[in-house]
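Novice: Submitted below is the structure of interest, expressed as structure tokens.
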Amino acid sequence: MTTDMALEPAEAHLRGLLSQLGLDAEYVRAEADTLWWRTAAGDVPVDDFVGGYGSLVLGHNHPAVLARARELLDEQVPVHAQFSYHPYANDLALALNRVLWREFGVDRPYSAIFANTGAEAVEVALKHAGMARGAKVAALREEIESHLADADPDLARRAREHNEGRFDVPPVFLALEGAFHGKLAASVQLTHNTAYRLPFRGLGAQARFVPADGIAKAVKAERTTVLDVVDGRLTERDLPVIAAFFVEPLQGEGGINLLDADAAAQLRATADAVGFPVVVDEIQTGFGRTGTFHAAAHLGLLGDYVLLGKALGGGLAKASVTLIRQDHYLPDFELLHSSTFAKDAFSCHIGARVVELLEADDGAAYTRATERGEALTRALRAVADEFPTVVADVRGLGLMQGLEFRDQSSGTGAVADLARTGLLGYVVAGHLLREHHVRVFPTASASHTLRFEPSIGITDKAIARLTEGLRAVCTALRDHPDTLLPPG
Ligand code: PMP
282 MTTDMALEPA EAHLRGLLSQ LGLDAEYVRA EADTLWWRTA AGDVPVDDFV GGYGSLVLGH
342 NHPAVLARAR ELLDEQVPVH AQFSYHPYAN DLALALNRVL WREFGVDRPY SAIFANTGAE
402 AVEVALKHAG MARGAKVAAL REEIESHLAD ADPDLARRAR EHNEGRFDVP PVFLALEGAF
462 HGKLAASVQL THNTAYRLPF RGLGAQARFV PADGIAKAVK AERTTVLDVV DGRLTERDLP
522 VIAAFFVEPL QGEGGINLLD ADAAAQLRAT ADAVGFPVVV DEIQTGFGRT GTFHAAAHLG
582 LLGDYVLLGK ALGGGLAKAS VTLIRQDHYL PDFELLHSST FAKDAFSCHI GARVVELLEA
642 DDGAAYTRAT ERGEALTRAL RAVADEFPTV VADVRGLGLM QGLEFRDQSS GTGAVADLAR
702 TGLLGYVVAG HLLREHHVRV FPTASASHTL RFEPSIGITD KAIARLTEGL RAVCTALRDH
762 PDTLLPPG
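Put into structure tokens, the structure is as follows:
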């Protein structure tokens, strides 16, 4: 064990990597889109364009959220009251239902299972969809068995031979190429990045990853039939193989990739025709960041399950929720799944205040997200136009933007070496922090794409500081890349 490990038992290895890239800043205070970095020379303000990777649509320590938190603490609201009546959870779930109904023009109720983190909301959806699919298979099996019991013995034997083992095939979960749905043992199976997923392969149900333009084909490839005897004839019946299709309307960690509207329509139509649920993961995109509460509203893609997390906690609480359309909902699930902290009063009240703030004044916050998003996009596009040999693309929706660098791995020198190992975005992030006091990060699975997810209060001045830093980075990448590295 190194000395560092002895002194720093909490992820010293990661700290070592951060330190090599100049990213091991300690932040001691946060307000709106500013973090204060403790340095030997004093606390330095840093423009935070990472926004808790999507948690801070209202910014750090928003005054109204803080005020609500203080009230709750002063009132000594019980945080731990499992197995009791939680009206505040109903209030929050109803508020989320109302937003969903408004944005998608529907009035179908969604039941809510609360959890603590995004990955946990994904796990809830996985378990629930797996359970629902298991129940469908069991019902089909029972129905066929009752038909076979009365059928011609020869036909019944042929059907049973064909069906042998088929009712026991494990469920299939589908997700898109580039998907990110968390890092817990089951949810990581739906995260496409092999570095995150493969060490844990086999710990949970395996997903199949599908290109967005091949959804119908991928679903067709899963078709499995069993034999029944109907009206005296052997008849094929579809076995419900697919338990769910998980989709981010705008992929965050995969590199800020917006789902094509045609692909969204094809997914909805295929799911309805075949009869599996669509799980829309809005954990990073939800809560107004893209100019609507749900990013899927831009695509008209209404999920049978909708996952929310991150910003639900207003930047203070840890909370997530899995919303499940009531006609897909299994009430017994409530007896099988729970968590000590889930559905607690503190996070539910904070979540309700967040929804209230976003919905206030006819959704002024969404208009603001759109307007600030346009300002950010204009600024990023100007950088891209100025450095066409360095920047490949700027893309996104509202306040969830990505800037993709061209491949920097073919040159010689230390930065090209780091680009080859997928560290280019982190090199750039280190430089922007040290030299420009701007905090950015690449997306987790596309490390040459920087992501920008500031709050709806992001100022023109902060955007100007960001683009000044990006111009310096692009100049360096074009002319002398290794000057981006920390000295020494
Ligand atoms: N789904 C999506 C779309 C995400 O972006 C993330 C986190 N980046 C998760 C799930 C997992 O959330 P958490 O980190 O809170 O577990």
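Position 460 of the sequence shown, counting from 1, maps to 741 under my numbering, and the rest follow consecutively. Yeah, the Cβ is synthetic: ideal placement off N, Cα and C, and Gly gets one too. The structure presented is a predicted model; accordingly, all values stated were derived computationally and were not measured.
Within 8 Å: the Cβ of ALA313 and any heavy atom of the ligand PMP?
Specialist: For the purposes of this step, residue 313 is taken as residue 32 along the sequence shown, with counting starting at 1. The answer is no for ALA313.
Novice: Would you kindly work out how many angstroms separate the C-alpha atoms of PHE557 and ILE523, rounded to a whole number?
Specialist: Along the sequence shown, read from residue 1 onward, the residue named residue 557 stands at position 276. Along the sequence shown, read from residue 1 onward, the residue named residue 523 stands at position 242. Near 6 Å, if we compare the C-alpha coordinates of ILE523 and PHE557.
Novice: Taking 8 Å as the cut-off, is the C-beta of GLY536 nearer than that to any heavy atom in the ligand PMP?
Specialist: Here the question's residue 536 lines up with position 255 in the sequence shown. Every heavy atom of the ligand PMP is 8 Å or more from the Cβ of GLY536, so no.
Novice: At a threshold of 8 Å, does VAL418 count as lining the ligand PMP (C-beta to nearest heavy atom)?
Specialist: Taking the first residue of the sequence shown as 1, we reach residue 418 at position 137. Checking every heavy atom of the ligand PMP against the Cβ of VAL418, none is found closer than 8 Å.
Novice: Are there 16 or more other CB atoms within 10 angstroms of the CB of ALA725, so buried, or fewer, so exposed?
Specialist: Walking along the sequence shown from the start, residue 725 turns up at place 444. Classification for ALA725: buried.
Novice: Contact between the segment 307 to 327 and the segment 567 to 583: three or more CB pairs below 8 Å?
Specialist: Cβ pair count under 8 Å is below three, so no.
Novice: Where do the ends of the alpha helix (DSSP H) carrying ILE631 lie?
Specialist: Start at 1 with the first residue of the sequence shown, and residue 631 comes out as number 350. Note, ILE631: alpha helix (DSSP H), 626 to 667.
Novice: Rank GLU426, GLY332, ILE605 and ASP494 by C-alpha distance to the C-alpha of VAL560 and give the top, closest one.
Specialist: Here the question's residue 560 lines up with position 279 in the sequence shown. Ranking GLU426, GLY332, ILE605 and ASP494 by Cα distance to VAL560 puts ILE605 first.
Novice: Judging by CA-CA distance, which residue of GLY536, ARG701, THR658 and THR670 is the nearest neighbour of LEU758?
Specialist: Translated into positions along the sequence shown, residue 758 becomes position 477. Closest by alpha carbon: THR670.
Novice: Just checking, does the segment 485 to 505 make contact with the segment 458 to 470 on the three C-beta pairs under 8 Å criterion?
Specialist: With the cut-off at 8 Å, the segment 485 to 505 and the segment 458 to 470 touch.
Novice: Could you pull out every residue in the same chain whose Cβ sits closer than 8 Å to the Cβ of THR505, ignoring the five residues on either side in sequence?
Specialist: Position 224 of the sequence shown, counting from 1, holds the residue named residue 505. Counting only Cβ-Cβ distances below 8 Å, and skipping sequence neighbours, we find ARG447, VAL450, ASP519, LEU520 and VAL522.
Novice: Does the Cβ of HIS361 have 16 or more other Cβ atoms within 10 Å, making it buried, or fewer, making it exposed?
Specialist: Counting from 1 along the sequence shown, the entry for residue 361 is found at position 80. Exposed, because fewer than 16 other Cβ atoms sit within 10 Å of the Cβ of HIS361.
Novice: Measure the Cβ-Cβ separation of PHE385 and LEU455 and say whether it is below 9 Å.
Specialist: By one-based count along the sequence shown, residue 385 stands at place 104. By one-based count along the sequence shown, residue 455 stands at place 174. No; because the gap between Cβ atoms is not below 9 Å, this pair is not in contact.
Novice: What are the start and end residues of each continuous beta strand (DSSP E) run of 3 or more residues lying completely inside the segment 671 to 744, in chain order?
Specialist: Listed in chain order, the complete beta strand (DSSP E) runs (minimum 3 residues) inside the segment 671 to 744 are 672 to 678, 681 to 686 and 730 to 733.
Novice: Count the other CB atoms within 10 Å of the CB of LEU548; is the residue buried (16 or more) or exposed (fewer)?
Specialist: As a first step, residue 548 must be located in the sequence shown, where it is residue number 267. So LEU548 ends up on the buried side.
Novice: With DSSP as the reference, label VAL418 as helix, strand or coil.
Specialist: Residue 418 sits at position 137 when you count from the first residue of the sequence shown. Helix, per DSSP.
Novice: Can you tell me whether ARG310 is helix, strand or coil according to DSSP?
Specialist: Position 29 of the sequence shown, counting from 1, holds the residue named residue 310. In the structure shown, ARG310 sits in a strand (DSSP, three-state: E or B).
Novice: Check whether the segment 493 to 500 and the segment 428 to 435 touch, using three or more Cβ-Cβ pairs below 8 Å as the test.
Specialist: Contact between the segment 493 to 500 and the segment 428 to 435 is absent, because fewer than three Cβ pairs lie under 8 Å.
Novice: I'd like to know if the segment 727 to 747 and the segment 626 to 637 are in contact, where contact means that at least 3 CB-CB pairs between them fall below 8 Å.
Specialist: Segments in contact, no.
Novice: With a floor of 4 residues, list each alpha helix (DSSP H) that falls wholly inside the segment 387 to 453, ordered by position along the chain.
Specialist: Within the segment 387 to 453, the complete alpha helix (DSSP H) runs of at least 4 residues are 399 to 431 and 434 to 444.
Novice: Report back the beta-carbon spacing between VAL602 and LEU593 to the nearest angstrom; my notes put them in contact at under 8 Å.
Specialist: In the sequence shown, counting from the first residue as 1, residue 602 sits at position 321. In the sequence shown, counting from the first residue as 1, residue 593 sits at position 312. Yes, they are in contact, since the Cβ atoms of VAL602 and LEU593 sit about 6 Å apart, within 8 Å.
Novice: Quick check: ARG732 and VAL721, are their CB atoms within less than 9 Å of each other?
Specialist: Taking the sequence shown and counting its residues from 1, one reaches residue 732 at position 451. Taking the sequence shown and counting its residues from 1, one reaches residue 721 at position 440. Their beta carbons are under 9 Å apart, which means ARG732 touches VAL721 by this criterion.
Novice: Report all residues from its chain with a CB closer than 7 Å to the CB of HIS712; omit the five preceding and five following residues, and keep chain order.
Specialist: By one-based count along the sequence shown, residue 712 stands at place 431. Closer than 7 Å at the Cβ level, and outside the excluded window around HIS712, lie VAL754 and LEU765.
Novice: Measuring only from the beta carbon, is GLN301 closer than 8 Å to any heavy atom that is part of the ligand PMP?
Specialist: As a first step, residue 301 is located in the sequence shown; it is residue number 20 there, counting from the start. Incorrect: GLN301 has no Cβ contact closer than 8 Å to the ligand PMP.
Novice: Report all residues from its chain with a CB closer than 7 Å to the CB of ALA770; omit the five preceding and five following residues, and keep chain order.
Specialist: For residue 770 there is no data in the structure shown, the boundaries of the chain being 282 and 769.
Novice: Which residues does DSSP pair with ARG803 in a beta bridge?
Specialist: The shown model of the chain, from 282 to 769, leaves out residue 803, and the question about it has no answer.
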